Amino acid sequence: MRGDRLAELRKDAGLTQRQFAQQMHVSLNTVSGWERGLADPDDETKLLLAQRFGVTADYLLGLSDRREPSREKGASFLFVRELPSEAERELAAFLQYLKKKYRL
143 MRGDRLAELR KDAGLTQRQF AQQMHVSLNT VSGWERGLAD PDDETKLLLA QRFGVTADYL
203 LGLSDRREPS REKGASFLFV RELPSEAERE LAAFLQYLKK KYRL
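Numbering (this note's numbering), first residue to last: 143 to 246.
Set out below in structure tokens:
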């Protein structure tokens with residue numbers, strides 16, 4: 143997990159490490175360790191953190207710079223590393239075509 147991103151999200155929420163630790167029911171040292179990259183929360187906690195701050199787990203893990211999760215119902219996800227932006231646009235257009243074709 144990217145500790146710097148967690149720290150940024152916590153600060154954006156106006157929370158101190160102590161307040162955040164109390165909300166998460168963990169110690170101050172645990173939060174400090176997460177933010178400094180000395181410790182990594184378990185997968186369930188990572189998902190809770192993503193939900194708590196309204197970001198994607200991929201954002202917290204440093205796999206994506208997109209903070210907001212998809213709002214589309216039944217969104218399909220493809221994992222493609224370093225997809226050029228032109229290909230992303232083509233993929234989005236094709237997905238729209240399929241939705242229209244199948245009346246989704």
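Ideal placement from N, C-alpha and C gives every residue a C-beta, glycine not left out. No experiment lies behind these values; they were computed from the predicted model shown.
Give me the Cα-Cα distance between Leu202 and Ser169, rounded to the nearest whole angstrom.
If you number the sequence shown from 1, residue 202 lands on position 60. If you number the sequence shown from 1, residue 169 lands on position 27. Going by the C-alpha atoms only, they are around 20 Å apart.
Taking C-alpha atoms, which residue in Glu230, Arg194 and Glu232 lies nearest to Met166?
On the sequence shown, position 24 is the one that residue 166 refers to. Looking at the Cα atoms, Arg194 is the closest of the given residues.
Quick one: what does DSSP say Arg178 is sitting in, helix, strand or coil?
Your numbering for residue 178 matches position 36 in the sequence shown. In the structure shown, Arg178 sits in a helix (DSSP, three-state: H, G or I).
Taking only three categories from DSSP, how would you classify Gly204?
Your numbering for residue 204 matches position 62 in the sequence shown. Note: Gly204 maps to coil in three-state DSSP.
Tell me whether the beta-carbon of Arg178 lies closer than 8 Å to the beta-carbon of Gly204.
Counting from 1 along the sequence shown, the entry for residue 178 is found at position 36. Counting from 1 along the sequence shown, the entry for residue 204 is found at position 62. Cβ distance not < 8 Å, so Arg178 and Gly204 don't count as in contact.
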